[in-house]
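Enquirer: My questions will all concern the structure given below.
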Amino acid sequence: MITEGPVCFVSRSRSFQETILGRRTTSPLVRYQLFSFESLDSSGKALCLGETAVFQHQVNQLLTNLRKNGIKVTAVHNHWLFEEPRLIYVHWESIDNPIAFAKKVKRSIAFIG
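In the UniProt record's numbering, the protein residues as written are 1 to 113.
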């Protein structure tokens, strides 16, 4: 999904098997990656935000990758109880050219598929 307006919002659903309370879920509330890019300033930069769900064993690598690309990690937390396998949600932000930001994020998340 891509929205129109002063904020470009992109949503991507990840493909993995997940259960909550023993029931399989394909809800986009569970399996998403979210990215937004706001209006450009006079230097061609925008507020760029991102969030994704990852498995616990992927958290440290994602944090390292984002930071190596100059992106600030702002939150690391869970959303659900009784889910299997355990998911952790990571949020990040940057003031950057949106295309440059998208490329940095792509490199950072490439290992998670």
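Just so it is clear, CB atoms sit at the ideal spot from N, CA and C, and this is done for glycine as well.
To test your reading of the DSSP string, which unbroken beta strand (DSSP E) runs of 3 or more residues are found completely within the stretch 2 to 57?
Expert: Listed in chain order, the complete beta strand (DSSP E) runs (minimum 3 residues) inside the stretch 2 to 57 are 8 to 13, 32 to 37, 46 to 55.
Enquirer: Per DSSP, residue 87 is paired with what?
Expert: If you number the sequence shown from 1, residue 87 lands on position 87. DSSP, once it has assigned bridges, lists 55 as partnering residue 87.
Enquirer: Between residue 97 and residue 29, what straight-line distance do the alpha-carbon atoms span, to the nearest angstrom?
Expert: Against the sequence shown, residue 97 aligns to sequence position 97. Against the sequence shown, residue 29 aligns to sequence position 29. The straight-line gap from Cα to Cα measures roughly 28 Å.
Enquirer: Let's test the definition: count the other Cβ atoms within 10 Å of the Cβ of residue 7 and tell me whether it reaches 16, buried, or not, exposed.
Expert: As a first step, residue 7 must be located in the sequence shown, where it is residue number 7. The residue in question, residue 7, is exposed, as its Cβ has fewer than 16 Cβ neighbours within 10 Å.
Enquirer: Can you name, in chain order, every residue of its own chain whose Cβ lies under 6 Å from the Cβ of residue 105, other than the five neighbours on each side?
Expert: Residue 105 sits at position 105 when you count from the first residue of the sequence shown. Here the set comprises 50.
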